[in-house]
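According to the working numbering, the sequence shown is numbered sequentially starting from 921. We treat Cβ as the ideally placed atom computed from N, Cα and C, and that holds for glycine. Worksheet for the structure shown next.
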Amino acid sequence: MAKHIFVTGGVTSSLGKGIIAASLAKLLQSRGLNVTIQKLDPYINVDPGTLNPYEHGECYVTEDGAETDLDLGHYERFLNRYTSQANNVTTGRIYLNVIEKERAGAFLGKTVQVIPHITDEIKQHIKNHETIGDYDIIITEIGGTVGDIESLPYLEALRQLRREVGKENCIVIHLTLIPYLKAAKELKTKPTQHSVKELLQAGIQPDILVCRTEHQLPNDLREKLALFCNVDEKSVIEAIDAETIYDVPVLMLKEKLDKIVLKKLNIKNSNEPNLDSWKAFLGKLKNPTKEVRIGLVGKYNELQDAYKSIYETFIHAGAVNECKVQVVPIHSELLDEENIGHKLTDLDGVLVAPGFGARGFAGKLVAIRYVRENKIPFLGICLGMQSAVVEYCRNVLHLHQANSVEVDSETPNPVIDLMPEQKNITLKGGTMRLGSYKCKIVKNSLAHKAYGQTEIAERHRHRYEFNNTYLQQMEASGLMASGKNPDSGLVEIIELKDHPFFIGVQFHPELKSTVENPHPLFISFIKAALQYKQR
Ligand code: GLN
């Protein structure tokens, strides 16, 4: 039977529950245990697919086409394992399931209530993993902060589950904040005491406290926390602010979080965690011999989380090249013909980001024209690729009104058009072209050189596509479709022939990059940027 670890959060949000959960999972995995992580999100949206990136950061898409929380990206990047729809559930999804069952008559005669119906549905979801895989350990991260009205049903489900399976099979890690008061020069434990009280009110005694802190936790403070929060002293773990999130598994190893967890769960495992390759990555990451500056042209730049996977992929692919990648956010709305040269000075490459809607689109076109004409390495992702097609058709093929139908539904030259299967779709949730699709790459193309193979699969999230009516005209003048879906013929990769590195992809390569498998397209892009810098 799989054992359960729950991770709850106290005092504030944004303490990094996802990183702590992924780091612990990494340590357990590197001891040879089979671990999975899931995230329970307390909001009412059925999934984060309908959320603006400003609300909740990037929407992470899994192989099976689920639109999920960005923490799943961390799980994949740390564990080098795919997640799926099963790894993320929201309150909206839980209620929807229960209400659909009610309509189907599953509870005929009964009053449907939060307890037991909603909590049963939550428990069912948590336990689903026991049948999906042969896991030793299932880590469940409960989103939000203890004390929120929204997370109450999850805490109640956790209390019940723990009662059912026993404490030796189910432990609770509470991630909390120990603030430092500058004026008093003191670390403060009171907020943590209060948040543990909140948990106790829900009937849950945490087993382990992981304490986010800017300063080391002295022993007397650990003792105090242990005493007031009723945990053993060894179970007070320091989570000091790290230089990079990739340090956290090593920091947790030093704090023996893995050992403490195994002991509490009564799991015999005498393997020492093997973090050799992880540490080799960290070594390269921290000792770069070169540096490049890459402009990230997007419209959600105010919030770094909106492009989480892109930033992380630059870290993975930079380390491979022993190269520090300085990502320079550039707001596409602020770009025009006059300022573009100035805005893109000192850059060795430009990535045009994914996105939705017309806002900021014009600026993307200006940026792409500039990098195309000045032979600056370019990578366009999804809307970034679509923008590259529009720019090319306008400025090289002289189809001056060429556009994406998403931006101008009346355009006489819809070079990016709605996919036929999208035309009659009106519902917004989960209806895009989502998840992994195959792509066949043209031999000896730039894409082929990057991937080193001609058959790949990448993840998608879009409604619009390249309009094949314009393919011949486009290829005849030098913009080639170097990757296509073998079944539908949809263009997935475009590249310019007379340019050192100009490539646009309809899919999201950033979603598949991990520490162990940095993405080949980003590796090549950084190489091209290095070459450009040395030109
Ligand atoms: N808005 C575009 C589409 O739906 C691109 C989506 C994206 O960049 N993920 O096709």
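Looking at the unbroken beta strand (DSSP E) that takes in residue i, where does it start and where does it end?
i       : result
THR1112 : Counting along the chain, THR1112 falls outside any beta strand (DSSP E), though it belongs to the alpha helix (DSSP H) covering 1110-1121.
VAL1411 : 1411-1416
PHE1298 : 1298-1301
SER943  : SER943 -> not in any beta strand (DSSP E); alpha helix (DSSP H) instead, spanning 937-949.
GLU1232 : No beta strand (DSSP E) contains GLU1232, which is instead part of the alpha helix (DSSP H) from 1228-1240.
LYS1179 : LYS1179 -> not in any beta strand (DSSP E); alpha helix (DSSP H) instead, spanning 1177-1184.
VAL955  : 955-961
PRO1340 : Looking at the DSSP string, PRO1340 is not in any beta strand (DSSP E), and its letter there is neither H nor E.
MET1400 : 1399-1404
Is residue i buried or exposed, if buried means 16 or more other CB atoms sit within 10 Å of its CB?
i       : result
ASP1268 : buried
ALA1226 : buried
TYR1100 : exposed
GLY1238 : buried
VAL1425 : buried
LYS1348 : exposed
LEU1137 : buried
THR1060 : buried
ARG1353 : buried
PRO1332 : exposed
What is the rounded straight-line gap between the Cα of residue i and the Cα of residue j?
i       : j       : result
ILE1038 : ASN1437 : 39 Å
ASP1266 : ALA1449 : 11 Å
ASP1070 : TYR963  : What sits at residue 1070 in the sequence shown is Glu, not Asp. Taking the straight line from one Cα to the other gives about 7 Å.
ASP1328 : ASN1294 : 28 Å
ALA1006 : HIS1094 : 23 Å
GLU978  : GLU987  : 10 Å
ILE1160 : ASP984  : 36 Å
LEU1303 : VAL1272 : 8 Å
ALA1282 : LEU999  : 39 Å
ALA1162 : GLN1044 : 36 Å
VAL1335 : VAL1411 : 12 Å
CYS1243 : VAL1435 : 15 Å
THR1351 : VAL931  : 37 Å
GLU1326 : HIS1382 : 11 Å
VAL1170 : VAL1181 : 16 Å
GLY1009 : GLN1392 : Reading off the sequence, residue 1009 comes out as Val, not Gly. Near 44 Å, if we compare the C-alpha coordinates of GLN1392 and VAL1009.
LEU1120 : GLY1063 : 18 Å
SER1155 : SER943  : 16 Å
LEU953  : ASN1191 : 10 Å
GLN1373 : ARG1083 : 51 Å
HIS976  : ALA1396 : 43 Å
Could you check how far apart the C-beta atoms of residue i and residue j are, in whole angstroms? I think they sit under 8 Å.
i       : j       : result
PRO1126 : VAL1092 : 5 Å
ARG1289 : LEU1416 : Their Cβ separation, rounded to whole angstroms, is 12 Å, which puts ARG1289 and LEU1416 out of contact at 8 Å.
LYS1343 : ARG1379 : No, LYS1343 and ARG1379 are not in contact; Cβ-Cβ is about 23 Å, not under 8 Å.
GLY904  : THR1065 : The chain is shown only over 921 to 1455; residue 904 falls outside these bounds and no answer can be derived.
LYS1363 : SER1444 : About 16 Å separates the two Cβ atoms, so there is no contact after all.
PRO1406 : LYS1453 : PRO1406 to LYS1453, Cβ: 37 Å. No contact.
ALA922  : ASP1056 : 6 Å
ALA1286 : LEU1255 : Correcting the residue type first, residue 1286 is Val in the shown sequence and not Ala. Their Cβ separation, rounded to whole angstroms, is 5 Å, which keeps VAL1286 and LEU1255 in contact under 8 Å.
ILE1042 : PRO1073 : 6 Å
Just reading off the alpha helix (DSSP H) that residue i is part of, what are its end residues?
i       : result
PHE998  : 991-999
CYS979  : Counting along the chain, CYS979 falls outside any alpha helix (DSSP H), and DSSP gives it neither H nor E.
TYR1371 : 1366-1371
GLN1394 : Before going on, a small fix: residue 1394 reads as Met here, not Gln. Run containing MET1394: 1391-1396, per the alpha helix (DSSP H) assignment.
SER1197 : 1196-1206
For residue i, which option in the options has the closest C-alpha, if you only look at C-alpha atoms?
i       : options                               : result
GLN1451 : GLY1238, PRO1297 and LEU999           : PRO1297
ALA1146 : PRO1332, THR1109 and ILE939           : THR1109
SER950  : LEU1195, SER1444 and LYS1087          : LEU1195
ILE1128 : VAL981, ILE1157, ASN1241 and HIS1135  : ILE1157
LEU1317 : GLY1398, GLN958 and LEU1119           : GLY1398
ASP991  : GLY938, THR1031 and GLY969            : GLY938
PRO973  : ILE1058, GLU1311 and GLU1222          : GLU1222
THR970  : LEU1185, ASP989, LEU960 and SER1365   : ASP989
SER1408 : ASP1418, ASP967 and ASN1387           : ASN1387
VAL927  : CYS1090, ILE1052, GLU1050 and GLY1086 : CYS1090
LEU935  : GLN1080, ILE1165, GLY1025 and THR982  : ILE1165
Could you check whether the Cβ of residue i sits closer than 9 Å to any Cβ belonging to chain D?
i       : result
ALA1239 : Among the chains in the structure shown there is no chain D, since it carries only a single protein chain.
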